[in-house]
Amino acid sequence: MADANITDFGQMKISANNLLQMYQMLKARFGFLNWWPGDTPLEIALGAILTQSTSWKNVEKAIANLKKGNLLSVEALSGVEPSYLAELIRPSLYYNQKAKKIKGFISYLANKYDSDLEKMKVVSTAVLRLELLDLWGIGQETADSIILYALDKPIFVIDAYTRRILSRHGIASVDDKPYAVLQHFFQDNIPQEVELYKDFHAQIVEVGKNYCRRQRPLCAACPLKK
DNA sequence: GGCCAGGACACCA
DNA sequence: TGGTGTCATGGC
799 MADANITDFG QMKISANNLL QMYQMLKARF GFLNWWPGDT PLEIALGAIL TQSTSWKNVE
859 KAIANLKKGN LLSVEALSGV EPSYLAELIR PSLYYNQKAK KIKGFISYLA NKYDSDLEKM
919 KVVSTAVLRL ELLDLWGIGQ ETADSIILYA LDKPIFVIDA YTRRILSRHG IASVDDKPYA
979 VLQHFFQDNI PQEVELYKDF HAQIVEVGKN YCRRQRPLCA ACPLKK
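Here the first sequence is numbered in this note's numbering, starting from 799 and rising by one per residue.
Dropping the structure here:
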């Protein structure tokens, strides 16, 4: 469907050539973002599951409950009842499903990597991605978030904000570009650096939260317009 | 009081 | 394979 407003937000045409310029503009506006919040790789990985279609504020409440219950370890989460886990992560929305997802991920970690996320780091990104995608409830964005932010391996995360921003700047409509196409658009045109990938995605989420929500009253102030 | 948030899956035609 | 429904809290 044609979007008559796209031109309003298309003053900066994002292309392969100026992706880095886009990043610099965002970084100039928001500064280097210390992302993703989390004290340990496990906490970051759990956050990736808990934040599925959920605001981070609600995720924080769920993680705080897990901390309070001393459940932020593979061993503890292995032994916890799914129903109790669901109760603790209740603020994060879809808590029954997410409890099942966490249990599945924890079981995978325990069985395949001896409960040690560090052991995952020596495995290739491609293999890890396939393994994670094979788990119930882990899709492309969640898998890539775990790989990038918890395992410090360079892979670019595409989320709803990325799609929306690219759409509103005239690069891709929201629905017609597969995840992999958008991911390669970034990965093929910026240096393959973990910290850059992390911060670029963080900047996109930040501009998305502040200027590029579904309802668009704030789009006119978007730093990418200038 | 309604909308929507850092998704993913099941089901159906 | 693509569209639609389901999950189901809390902040704004």
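Beta carbons: idealized from backbone N, C-alpha and C, even for Gly. Every value quoted in this text rests on a predicted model; they were computed, and no experiment measured them.
Residues near residue i by beta carbon distance below 6 Å, same chain, minus five either side
{"i": "Leu931", "result": "Ala941"}
{"i": "Ala948", "result": "Pro839, Ile842, Ala843"}
{"i": "Asp950", "result": "Val992"}
Beta-carbon contacts of residue i that lie in its chain and below 7 Å, excluding the five residues immediately before and after
{"i": "Asn803", "result": "The pLDDT assigned to Asn803 is 27, lower than 50, so where the model puts this residue is not dependable, and the model offers no usable value."}
{"i": "Ile944", "result": "Ala843, Ala846, Leu930"}
{"i": "Leu933", "result": "Gly902, Phe903, Tyr906"}
{"i": "Val878", "result": "Leu869"}
{"i": "Met823", "result": "Pro1021, Leu1022"}
{"i": "Phe984", "result": "Leu817, Phe954"}
Among the options, the one whose alpha carbon lies nearest that of residue i
{"i": "Gly1006", "options": "Tyr959, Gln981, Ala978, Leu994", "result": "Tyr959"}
{"i": "Lys899", "options": "Ser913, Ala843, Ala862", "result": "Ala843"}
{"i": "Ile794", "options": "Ser851, Ala862, Gln1013, Lys865", "result": "What is shown of the chain runs 799 to 1024, which leaves residue 794 out entirely."}
{"i": "Thr923", "options": "Phe903, Phe828, Pro952", "result": "Pro952"}
{"i": "Glu993", "options": "Ala826, Met820, Trp834", "result": "Trp834"}
{"i": "Lys901", "options": "Asp957, Gln822, Leu848, Arg1011", "result": "Leu848"}
{"i": "Asp837", "options": "Gly968, Lys865, Asn894, Arg1014", "result": "Lys865"}
{"i": "Lys859", "options": "Tyr893, Met823, Leu915, Val878", "result": "Tyr893"}
Euclidean distance between Cα positions of residue i and residue j
{"i": "Asn987", "j": "Asn815", "result": "7 Å"}
{"i": "Asn909", "j": "Glu873", "result": "11 Å"}
{"i": "Lys975", "j": "Cys1017", "result": "22 Å"}
{"i": "His982", "j": "His967", "result": "18 Å"}
{"i": "Val920", "j": "Ser913", "result": "14 Å"}
{"i": "Leu980", "j": "Tyr821", "result": "16 Å"}
{"i": "Ser871", "j": "Ile861", "result": "12 Å"}
{"i": "Leu964", "j": "Asp957", "result": "11 Å"}
Sequence-distant residues of the same chain with beta carbon closer than 8 Å to residue i, five excluded per side
{"i": "Leu831", "result": "Asp997, Ala1000, Gln1001, Glu1004"}
{"i": "Leu946", "result": "Pro952, Ile953, Phe954, Val955, Val992, Tyr995, Lys996, His999"}
{"i": "Ala897", "result": "Pro880, Ser881, Leu883, Ala884, Ile887"}
Whole-angstrom C-beta distance between residue j and residue i, which should lie under 8 Å
{"i": "Ser890", "j": "Asn856", "result": "5 Å"}
{"i": "Ile904", "j": "Leu926", "result": "About 16 Å separates the two Cβ atoms, so there is no contact after all."}
{"i": "Tyr977", "j": "Gln938", "result": "5 Å"}
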